[in-house]
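Q:
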Amino acid sequence: MKPERVDARDVLDPNAKTARTLSARIVGHFVHCGPDAWDDYIFEPLAAGEPIAVMADVPVQTEGEGACFRMRRRGEVVRLEWLPAEGELPDVADRQAAFATTCVRPWGEDPGRGAAAVIAEKLTQTPPKPSLD
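Structure below.
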């Protein structure tokens with residue numbers, strides 16, 4: 004099986020914050036393929052990851068499958084799987100849907116103005132008229 008390779012710019016793009024404290028199990032972590040910051044990452048799964056408590060308001064990246072998410076922990080990016088408490092997940096419920104509605108809320112960085120917008124604004128401003136006094 005080919006290892007999962009992730010671009011360095013995409014290894015952690017938070018798109019949500021945890022809505023409450025929750026329990027999760029670490030299923031693996033991402034490691035650099037090379038010595039430089041821009042080198043890709045490879046996902047290394049863990050056979051039996053440790054369960055941890057994830058506090059509320061932690062930036063995370065939700066994943067498209069299951070109740071998995073990524074977050075930064077102790078200087079590395081880890082992939083975790085939500086561990087619902089006893090009775091928290093109905094028998095017929097979809098784990099991913101339950102996780103999305105009860106554990107996280109959408110979040111993103113406020114977009115900053117780019118350099119092009121700042122330059123365009125400066126160019127459209129009219130300079131002050133010189134005083135003849």
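Heads up: the sequence shown is residues 4 to 136, going by my numbering. The C-beta atom is built at its ideal place from N, Cα and C for all residues, glycine as well.
Residue 64 by DSSP, collapsed to three states: which one?
A: To locate residue 64, count along the sequence shown from 1; it is residue 61. Residue state, collapsed to three classes: strand.
Q: Can you look up residue 126 in the DSSP assignment and give me helix, strand or coil?
A: Taking the sequence shown and counting its residues from 1, one reaches residue 126 at position 123. Residue 126: helix per DSSP, three-state reduction.
Q: Taking only three categories from DSSP, how would you classify residue 11?
A: Taking the sequence shown and counting its residues from 1, one reaches residue 11 at position 8. Here residue 11 sits in helix by DSSP.
Q: Taking all protein chains shown into account, decide if residue 83 is buried (16 or more other Cβ within 10 angstroms of its Cβ) or exposed.
A: As a working note, residue 83 is residue 80 in the sequence shown. Flag for residue 83 reads buried.
Q: Kindly indicate which three-state DSSP category residue 88 falls into: helix, strand or coil?
A: Position 85 of the sequence shown, counted from the start, is the residue given in the question as residue 88. It is coil, neither helix nor strand.
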